[in-house]
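Student: Take a look at this one; I'll ask things after.
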Amino acid sequence: MSVMFSPEQDAFREEVRTWLQANAPTEERPPHGPAMREYDLAWQRTQWEGGWAGIAWPVEYGGRGLSVVEQLIWYEEYGRLDLPVIESTFVGLRHAGPTLIACGTEQQKAHHLPAILRGDVIWCQGFSEPEAGSDLAALRTSAVRDGDELVVNGQKIWTSYGDVADWQELLVRTSRDGTKHQGISWLICDMHTPGIDVRPIDTMDGGRDFAEVFYDDVRIPVENVVGAIDDGWNVAMSTLAFERGTAFTINQVKLSATVERLIDEARERCGPDGRRAAIADDEIRRELAAVRAESRALRSLTYLAVSRNLRSAVPGPDGSMLKLAYAELQQRVGRLAMEILGDDVLDRGDHWTRTYLTSHAASIGGGTSEIQRNIVAERVLGLPR
Amino acid sequence: MTFDLALTDEQDAIIASARGVLAGPLDWRHCADIGWFGLALPEDAGGVGFGIVEAAVLQREIGRALVAGPFLPTVVAARAALDAGDQDLLGSLVTGEVRASALVGRFFVDGRDDDVAVVIRRDGLTVFDAASIELGDAVDPVDGQGTVRRASVTAAARVSLLGTRVWHYLLILAAAQLTGIAERARDLAVEHAINREQFGRPIGVNQAVKHPCADMAVRADLAYAQVLVAARALDGGDADAGVEAASAAAVGLDAALANGRAAIQCHGGMGFTAEHPVHRTVGRARVVERIIGGRAAVLDALVD
Chain A
2 MSVMFSPEQD AFREEVRTWL QANAPTEERP PHGPAMREYD LAWQRTQWEG GWAGIAWPVE
62 YGGRGLSVVE QLIWYEEYGR LDLPVIESTF VGLRHAGPTL IACGTEQQKA HHLPAILRGD
122 VIWCQGFSEP EAGSDLAALR TSAVRDGDEL VVNGQKIWTS YGDVADWQEL LVRTSRDGTK
182 HQGISWLICD MHTPGIDVRP IDTMDGGRDF AEVFYDDVRI PVENVVGAID DGWNVAMSTL
242 AFERGTAFTI NQVKLSATVE RLIDEARERC GPDGRRAAIA DDEIRRELAA VRAESRALRS
302 LTYLAVSRNL RSAVPGPDGS MLKLAYAELQ QRVGRLAMEI LGDDVLDRGD HWTRTYLTSH
362 AASIGGGTSE IQRNIVAERV LGLPR
Chain B
887 MTFDLALTDE QDAIIASARG VLAGPLDWRH CADIGWFGLA LPEDAGGVGF GIVEAAVLQR
947 EIGRALVAGP FLPTVVAARA ALDAGDQDLL GSLVTGEVRA SALVGRFFVD GRDDDVAVVI
1007 RRDGLTVFDA ASIELGDAVD PVDGQGTVRR ASVTAAARVS LLGTRVWHYL LILAAAQLTG
1067 IAERARDLAV EHAINREQFG RPIGVNQAVK HPCADMAVRA DLAYAQVLVA ARALDGGDAD
1127 AGVEAASAAA VGLDAALANG RAAIQCHGGM GFTAEHPVHR TVGRARVVER IIGGRAAVLD
1187 ALVD
């Protein structure tokens, strides 16, 4: 019996669990590069063949056409089985795909959407620039019309998986008239086009997921503009809210699992007094209890946000609240892990040390916590700008 | 059960009615007449027959109103009286004839001479008749408005109920009050940040003011969502209900205290005055904290 879900939803969950247990990859996911790409795409293809790709995508575009609740259940079961979070397919499935569904031409949809679901391609994002971070609309990478093509010059940064991507959702400046939000266009960019140079960025946790992307006279066909030319800001905003909705559910479920594993670690590892287990330390034990409580509350807030989403077509600023809470908790758990780990902190190869280091990105990527706080303060609370 | 945490029309009606009642001078009998002390009790026990979610949304409004009064212990004692089969006590509590106030250590909180006394622990609950309590001097109450008196027990308990269910019930309702306190702190701070002008503009344009308000909103929503889930879990007999309830209390307490602190700061000097209601957020939160046995006790119920 379940106190949150209907019998049909419980049955769906059972179906998801059974399928995932039978079909999920058991091999370790390669950390980066072509091997990771192959792993991620093969797993996406398996999901597509099993009928699980695009659970909440419309049926006409190859999805299951189910509600956000079924999507949530999928993520919960996925996270519970501790399956690898496939971030390389995130942009295609959760961002570029939904943007094409909302704003693309029939031709663009027919060409790209099935390929995303089938696991043929990886998409990346070309939004941030060295001089346009939180102030995204200040972007300067330019696209100048030349016949049936746009010629792109400039630089993007923080492009996750840029080194393995086939396509990019690329924001460029096509006009300098009007406000900075006007004159931006949303392009479908083939990452194999001549003139594109991708340079991976090493990060503090030992990862290389990010890249800088340089554009030197990159020619993109005009039919690759999504929405109207110069209207790319509205196109981009139409799906940014989706990124802040249930998109964190897998991470949230995995974070709950991380808290439970950390409690087990604290029972096994020696504590700060050098004699008893870490869990016998009052400060550590109570902080573990507090993060366990917070992780429950984060799940409940996800449920509340999904409940609200069922009533409105476009997710509201709830996503910003979820992201703030998630970032805060992930970092708190990371710091607590360091208390429990003792001297093993010194080894970046240790899972917990890496978890701690990685957690610093939680309040930066996908919109900094400062920007999220502005959104919550202005759009939820009505504070003046 | 359908997946939906949005409030029902009935729950919205409870909130609207409670706001009306709490806006005026409180009459205990009237609160009883409209079902406040038996909201989640079955009708054949004199209750209204709602679930714990309804009882929780009422406690949330009581929290928001920042009023003193033994609402929490009375509701929990009525539940315990039903479970223990003490019909007389149940009847007198539900009808408002008798109130139940919490005996916390050597202090009787928000209590009057003829109130029964409730002692709540993690493993159970005991109720003492008014005649079994010796009341001493009043102390200066932490929230600046309730009554706190020294007290000691002089005779045996009237009701002794063992088991954790009543503790979980208390934790959820306490969490709901704490959520209400956290929400009120947020709302007072936001109102002040919009209306208070310095240097020719509202102080809320400054991120040093705006961002703490956003953090208050996040904490209040986390606490609120967890109360709803915990209430459903306990109502539905979920095996995990105890963890959900303790989580609600822990998150609610931290939200109420952190929001209260931030809201007082947002008000500047006014926030520190006795006159302004914002300071009652931390005062009431501390009262609720002691009734549930303290933060450490709640956390120790989550990981031991």
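Chains as they are written, first to last, in my numbering: chain A, 2 to 386; chain B, 887 to 1190.
All residues carry an ideal CB built from backbone N, CA and C; glycine is no exception.
How about the region 913 to 923 of chain B and the region 1105 to 1115 of chain B: do they share at least three Cβ pairs that are nearer than 8 Å?
Tutor: no
Student: Under the three-state reduction of DSSP, which class applies to residue 171/A: helix, strand or coil?
Tutor: strand
Student: Would you please verify whether the beta carbon of residue 40/A is less than 8 Å from any beta carbon of chain B?
Tutor: Closer than 8 Å: no.
Student: In chain A, which residues lie less than 7 Å from residue 991/B when you measure between Cβ atoms?
Tutor: Under the 7 Å cutoff, chain A gives no residues; its nearest Cβ is about 20 Å from residue 991/B.
Student: Along the chain, where does the beta strand (DSSP E) that runs through residue 309/A open and close?
Tutor: Careful: residue 309/A lies outside any beta strand (DSSP E), inside the alpha helix (DSSP H) at 283 to 310.
Student: For residue 381/A, would you say it is in contact with chain B, using Cβ-to-Cβ distances shorter than 8 Å as the test?
Tutor: yes
Student: Can you list, in chain order, the residues of its chain with a C-beta nearer than 7 Å to that of residue 941/B? Leave out the 5 residues immediately preceding and following it.
Tutor: Correct list, in chain order: 925, 926, 961 and 1059.
Student: Would you grab the beta carbon distance between residue 370/A and residue 328/A for me? Rounded to a whole angstrom, and I think it's under 8 Å.
Tutor: 6 Å
Student: DSSP puts residue 1088/B in a beta bridge; with which residues?
Tutor: The secondary-structure analysis by DSSP pairs residue 1088/B across a beta bridge with 1083/B.
Student: Determine the contact status of residue 1066/B and residue 946/B, defining contact as a CB-CB distance below 8 Å.
Tutor: yes
Student: Is there contact here, the region 947 to 956 of chain B with the region 903 to 915 of chain B, by at least three beta-carbon pairs under 8 Å?
Tutor: Remark: three or more beta-carbon pairs, one from each stretch, lie closer than 8 Å, so the region 947 to 956 of chain B and the region 903 to 915 of chain B are flagged as touching.
Student: Name, going along the chain, the residues of the region 291 to 309 of chain A whose beta-carbon falls closer than 9 Å to a beta-carbon of chain E.
Tutor: The displayed structure is made up of protein chains A and B, and chain E is not among them.
Student: If you drop the 5 nearest sequence neighbours on each side, which residues of the same chain put their C-beta closer than 8 Å to that of residue 141/A?
Tutor: 130, 132, 133, 155 and 174
Student: Rounded C-beta distance between residue 199/A and residue 164/A? I'm assuming under 8 Å.
Tutor: 5 Å
Student: Note down, in chain order, all residues in the region 255 to 287 of chain A with a beta-carbon under 9 Å from any beta-carbon belonging to chain B.
Tutor: 264, 267, 280, 283, 286 and 287
Student: Can you list, in chain order, the residues of its chain with a C-beta nearer than 8 Å to that of residue 244/A? Leave out the 5 residues immediately preceding and following it.
Tutor: Interpretation of residue 244/A is limited by its pLDDT of 48, a score under 50 that renders its predicted location unreliable; no figure is taken from the coordinates.
Student: At least one CB of chain A closer than 8 Å to the CB of residue 1152/B: is that the case?
Tutor: no
Student: Within the 8 Å Cβ cut-off, does residue 1112/B reach chain A?
Tutor: yes
Student: Express the C-alpha separation of residue 1045/B and residue 1000/B in angstroms, rounding to a whole number.
Tutor: 17 Å
Student: Cutting at 7 Å between CB atoms, please list the residues of its own chain near residue 340/A, excluding the five before and the five after it.
Tutor: 285
Student: Return no unless some Cβ of chain B is closer than 8 Å to the Cβ of residue 95/A.
Tutor: no
Student: Does the region 353 to 367 of chain A come close enough to the region 272 to 289 of chain A to have 3 or more Cβ pairs within less than 8 Å?
Tutor: no
Student: Any idea what DSSP makes of residue 9/A, helix, strand or coil?
Tutor: helix
Student: Measuring only the C-alpha atoms, how far is residue 908/B from residue 948/B?
Tutor: 7 Å
Student: Would you say residue 1054/B reaches chain A, if we count a Cβ-Cβ gap shorter than 8 Å as a contact?
Tutor: Not an interface residue.
Student: Can you round the beta-carbon distance between residue 23/A and residue 84/A to whole angstroms, since I take them to be within the 8 Å contact cut?
Tutor: That pair is no contact at about 13 Å.
Student: Can you tell me which of 258/A, 59/A and 150/A puts its alpha carbon nearest to the alpha carbon of residue 115/A?
Tutor: 59/A
Student: Given a cut-off of 8 Å, decide if residue 250/A and residue 77/A are closer than it, judged by their beta-carbon atoms.
Tutor: yes
Student: What residue range is occupied by the uninterrupted beta strand (DSSP E) comprising residue 25/A?
Tutor: Per DSSP, residue 25/A belongs to no beta strand (DSSP E) and is neither H nor E.
Student: Out of 135/A, 125/A and 209/A, which one is the CA nearest neighbour of residue 168/A?
Tutor: Cα-wise, what sits closest to residue 168/A is 125/A.
Student: Check residue 162/A in the structure and name its three-state DSSP category.
Tutor: coil
Student: Buried or exposed: which applies to residue 1158/B, given that a residue is buried once 16 or more other Cβ atoms fall within 10 Å of its Cβ?
Tutor: exposed
Student: Under a CB-based cut-off of 8 Å, is residue 227/A close to chain B?
Tutor: no
Student: If you check the beta carbons only, do residue 50/A and residue 100/A fall under 8 Å apart?
Tutor: no
Student: Can you pull the chain A residues whose beta carbon is under 7 Å from the beta carbon of residue 1118/B, in chain order?
Tutor: Within 7 Å Cβ-Cβ: 4 and 5.
Student: Relative to the alpha-carbon of residue 1099/B, which residue among 374/A, 39/A, 17/A and 48/A has its alpha-carbon at the smallest distance?
Tutor: 374/A
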